[in-house]
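Everything below concerns the one structure shown next.
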Amino acid sequence: DLVADLRDIIDNSEALALDVTWNPTAGMYQARVWHETDAVSRGDARNVRLQQPPDWLMELPDRVFRDQLDLMDREGHMCEVIGELSHLPYFLHSVGNEPDESTPPDTAIGWLNQLASASCSGAADIAPVPDLCLLTAAKFTPHELAINSQDFSAWLADARAVLRHALGCPPFVLNFRFVGESDAPLALSSGRQVVAIEMSTLSSHRAERDGLHVKFTRIHDELLQMTMCKYGGRPAWAYASNRLLRGAPCALRDLYSASFEQFLELRATYDPAELFLPPLFQDVIYRRGPVYYPGCAVRLDCFCTTDDHCGPDHECVPGNEFPQYRVCAPVTDKSKFEL
Numbered sequence: 061d062l063v064a065d066l067r068d069i070i071d072n073s074e075a076l077a078l079d080v081t082w083n084p085t086a087g088m089y090q091a092r093v094w095h096e097t098d099a100v101s102r103g104d105a106r107n108v109r110l111q112q113p114p115d116w117l118m119e120l121p122d123r124v125f126r127d128q129l130d131l132m133d134r135e136g137h138m139c140e141v142i143g144e145l146s147h148l149p150y151f152l153h154s155v156g157n158e159p160d161e162s163t164p165p166d167t168a169i170g171w172l173n174q175l176a177s178a179s180c181s182g183a184a185d186i187a188p189v190p191d192l193c194l195l196t197a198a199k200f201t202p203h204e205l206a207i208n209s210q211d212f213s214a215w216l217a218d219a220r221a222v223l224r225h226a227l228g229c230p231p232f233v234l235n236f237r238f239v240g241e242s243d244a245p246l247a248l249s250s251g252r253q254v255v256a257i258e259m260s261t262l263s264s265h266r267a268e269r270d271g272l273h274v275k276f277t278r279i280h281d282e283l284l285q286m287t288m289c290k291y292g293g294r295p296a297w298a299y300a301s302n303r304l305l306r307g308a309p310c311a312l313r314d315l316y317s318a319s320f321e322q323f324l325e326l327r328a329t330y331d332p333a334e335l336f337l338p339p340l341f342q343d344v345i346y347r348r349g350p351v352y353y354p355g356c357a358v359r360l361d362c363f364c365t366t367d368d369h370c371g372p373d374h375e376c377v378p379g380n381e382f383p384q385y386r387v388c389a390p391v392t393d394k395s396k397f398e399l
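Here the sequence shown is numbered in the numbering used here, starting from 61 and rising by one per residue.
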């Protein structure tokens with residue numbers, strides 16, 4: 061029971077923070093508990109999720125490309141990739157900063173003692189190819205939305221229902237971060253404790269250049285719209301594609317209710333000439349919709365309303381569990397499947 065397990069960790073540990081990676085296809089999760097550490101403690105680790113073994117990274121581009129061409133997932137390339145990612149250790153100790161005997165097992169301290177960090181720079185120390193990491197080997201597209209923590213159990217049940225329609229392995233796992241309430245008007249956790257849900261996709265640079273959809277886009281798009289519109293999920297500002305800012309079935313501005321009005325009052329006070337008002341944020345203020353064009357859903361500029369928004373070999377159809385949200389599906393995908 062994922063929810064019960066996490067509640068037990070939260071209630072019975074002195075954790076400063078908790079983040080979780082859930083792999084629904086494999087039926088497993090990994091929880092990482094974060095504690096405050098002394099400022100003089102030596103940083104000794106970086107986040108391994110971007111620093112996988114060099115030979116694995118060298119093979120990844122071709123594996124992800126072959127998976128994206130296999131629309132009906134008959135060959136299972138992504139099942140292998142996600143399975144391997146799930147079993148790699150989360151942390152890699154920095155070169156020259158190996159842990160000593162006083163460091164407990166499975167423990168790491170970030171480079172700055174404040175944040176476990178990751179970077180493609182410096183990867184030449186561990187790989188034969190300079191700057192070889194997950195971000196360069198494949199296209200990693202981040203998506204994160206924050207829902208009220210009280211809704212997490214209901215959201216999880218709906219997410220399981222959507223994911224049951226996947227034939228094979230979607231190219232993403234789900235990461236959860238539990239975040240305390242903030243009084244900043246446009247913070248994801250403004251006015252409420254939240255669970256930030258990351259569902260970043262792994263795809264092929266080569267396939268993107270060919271205009272191909274991310275694998276299982278119908279599952280991913282239904283999850284995004286359900287999270288944002290049914291559960292009031294606020295998209296992370298730094299991770300949001302255009303369609304989350306101005307193209308979703310629900311307006312981003314309304315997800316902040318009174319907090320957004322508070323921000324507009326502050327902006328009028330400190331920027332009356334609107335010098336720092338980018339055009340895209342102006343679209344958010346006025347609840348403007350997306351700019352539709354052929355293939356706009358492939359480029360993450362819109363959620364589809366007609367087939368031509370989906371690009372070649374795809375059509376715009378109702379979601380499996382939430383038909384009010386329309387998604388792009390392969391034209392051959394006429395049936396529902398279960399894992």
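Using N, Cα and C, we set each Cβ at its ideal position, and we do this for glycine too. All values reported here derive from a predicted model rather than from experimental measurement.
Helix, strand or coil for residue i per DSSP?
i, result
"residue 236", "strand"
"residue 197", "helix"
"residue 88", "strand"
"residue 97", "coil"
"residue 153", "strand"
"residue 174", "Low per-residue confidence applies at residue 174: pLDDT is 47, beneath 50, and the placement is therefore not dependable enough to give any value."
"residue 369", "helix"
"residue 317", "coil"
"residue 184", "Only weak support exists for where residue 184 lies, its pLDDT of 44 falling under 50; the coordinates are left without a value."
"residue 203", "coil"
"residue 116", "helix"
"residue 214", "helix"
"residue 382", "coil"
Between the options, which has its C-alpha nearest residue i's C-alpha?
i, options, result
"residue 363", "286, 315, 204", "286"
"residue 268", "378, 239, 371", "371"
"residue 386", "135, 101, 126, 280", "280"
"residue 344", "219, 295, 231", "295"
"residue 241", "355, 127, 210, 347", "210"
"residue 277", "374, 248, 310, 243", "374"
"residue 401", "347, 102, 75, 224", "A query on residue 401 cannot be resolved here, the shown segment of the chain reaching from 61 to 399 and no further."
"residue 198", "120, 76, 217", "120"
"residue 262", "311, 128, 135, 319", "128"
"residue 311", "323, 334, 349", "349"
"residue 381", "218, 354, 100, 329", "218"
"residue 112", "96, 144, 102, 289", "144"
"residue 313", "351, 342, 212, 95", "342"
Ignore the nearest five residues each way along the sequence and tell me which others in residue i's own chain have a CB closer than 7 Å to its CB.
i, result
"residue 207", "215, 254, 255, 257, 287, 291, 292, 293"
"residue 130", "137"
"residue 249", "206, 239, 240, 241, 242"
Under the assumption that residue i contacts residue j (Cβ atoms under 8 Å), give the Cβ distance between them as a whole number of angstroms.
i, j, result
"residue 245", "residue 326", "7 Å"
"residue 283", "residue 377", "Not a contact, Cβ separation roughly 15 Å."
"residue 358", "residue 273", "6 Å"
"residue 230", "residue 275", "7 Å"
"residue 69", "residue 78", "6 Å"
Apart from the five residues on each side of it in sequence, which residues of its chain come closer than 6 Å, Cβ to Cβ, to residue i?
i, result
"residue 235", "81, 258"
"residue 133", "227, 228"
"residue 202", "260, 299"
Can you tell me whether residue i is buried or exposed, with buried defined as 16 or more other CB within 10 angstroms of its CB?
i, result
"residue 72", "exposed"
"residue 138", "buried"
"residue 142", "buried"
"residue 204", "buried"
"residue 308", "buried"
"residue 174", "With a pLDDT of only 47 at residue 174, under 50, the local geometry of the prediction cannot be trusted, and the value read off the model is given with reservation. Classification for residue 174: exposed."
Near residue i, which residues of its chain fall below 8 Å by C-beta distance, leaving aside the five closest residues on each side in sequence?
i, result
"residue 340", "302, 305, 306"
"residue 146", "81, 83, 86, 88, 90, 233"
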